[in-house]
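Chemist: Residue numbers (the working numbering): 18 to 278.
A virtual CB, placed ideally from N, CA and C, is assigned to each residue, including glycine.
Before I ask anything, here is the structure I am working with.
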Ligand SMILES: C[S@@+](CC[C@H](N)C(=O)[O-])C[C@H]1O[C@@H](n2cnc3c(N)ncnc32)[C@H](O)[C@@H]1O
């Protein structure tokens with residue numbers, strides 16, 4: 018799994034993803050994902066036997082491998098410091114219309130290549146009450162190990178689909194009645210926080226398009242958006258990190274105010 022080319026081939030053929038850390042493994046199990054195998058540091062075996070006892074019992078065919086920290090680091094290429102690692106079967110991909118059906122707030126990740134950023138925006142989307150995620154064909158894989166981990170396993174709660182054509186895939190949002198809003202610093206972008214931008218909160222169905230780390234939202238995509246919004250910044254500052262910018266916009270455009278627990 019440390020060889021990118023090999024991993025892609027293995028993923029495609031066997032449909033495996035890696036859940037890292039016990040809370041993330043737990044969330045994947047709770048979401049109905051089936052484990053293929055577990056890998057546990059020896060020092061953690063006793064605790065895991067308690068924390069994951071139900072999973073070991075439900076899936077007796079999934080072997081539990083173990084070893085000391087050094088062996089496991091050599092094997093995986095990273096340090097397993099948060100408990101369990103599990104290889105799990107990938108859930109079947111969802112069609113776009115299934116994700117859009119019934120959704121009111123959809124986040125659109127265009128060409129986001131960094132799994133850490135993708136994981137962070139998934140976590141924000143779930144925490145701020147958004148209902149779905151649409152990925153452009155080139156966007157990172159939400160089930161990449163780092164993305165899952167940074168999302169804290171919330172990726173298993175957010176229905177997502179990948180468009181096959183881009184930016185033509187945005188038409189599906191239009192057809193489903195979504196107002197499509199591009200998050201980008203453009204000439205016509207409304208400043209978030211102003212009454213004009215705040216009015217967008219009242220849209221019954223709204224999709225927010227966020228752009229790639231380097232180039233931002235593509236020009237053709239921006240042309241297809243109903244409105245653009247931006248976070249005003251002081252002179253000399255080009256942009257925020259996409260994860261930070263997205264969190265601000267998701268909050269501003271969520272449309273509902275979440276009750277605190
Ligand atoms: C890091 S930016 C891309 C780089 C940016 N085009 C630049 O030239 O600095 C990645 C994405 O983050 C979002 N973003 C970052 N800062 C923003 C801001 N101040 N207002 C609106 N969107 C922003 C946009 O969605 C953008 O496509």
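Please look up how many angstroms separate the CB atoms of residue 209 and residue 120, rounded, as I've assumed it's under 8 Å.
Modeler: Not confirmed; about 22 Å, so no contact.
Chemist: Using 8 Å as the threshold, is the C-beta distance between residue 57 and residue 93 below it?
Modeler: Contact flag unset, no.
Chemist: Rounded to whole angstroms, how far is the Cβ of residue 150 from the Cβ of residue 199, which I believe are closer than 8 Å?
Modeler: So it is not a contact: roughly 16 Å between Cβ atoms.
Chemist: Within 10 angstroms of its Cβ, does residue 66 collect 16 or more other Cβ (buried), or is it exposed?
Modeler: Label assigned to residue 66: exposed.
Chemist: Taking buried to mean at least 16 other C-beta atoms within 10 Å of its own C-beta, is residue 254 buried or exposed?
Modeler: Residue 254 is exposed by the Cβ-count criterion.
Chemist: Taking contact to mean at least 3 C-beta pairs separated by less than 8 Å, is the segment 217-235 in contact with the segment 94-112?
Modeler: Taking 8 Å as the limit for Cβ pairs, the verdict is that the segment 94-112 does not touch the segment 217-235.
Chemist: Assuming residue 103 contacts residue 52 (C-beta within less than 8 Å), just tell me the rounded distance between them.
Modeler: That pair is a contact at about 5 Å.
Chemist: Which word fits residue 48, buried or exposed, when buried means at least 16 other C-beta atoms lie within 10 angstroms of its C-beta?
Modeler: So residue 48 counts as exposed.
Chemist: Could you pull the DSSP bridge partners for residue 34 from this structure?
Modeler: Beta-bridge pairing links residue 34 to 105.
Chemist: Classify residue 110 as helix, strand or coil using the three-state DSSP reduction.
Modeler: Coil at residue 110, not helix or strand.
Chemist: Should residue 124 and residue 156 be called a contact, given that it needs their Cβ atoms to be closer than 8 Å?
Modeler: Against a cut-off of 8 Å, the Cβ pair of residue 156 and residue 124 comes out as no contact.
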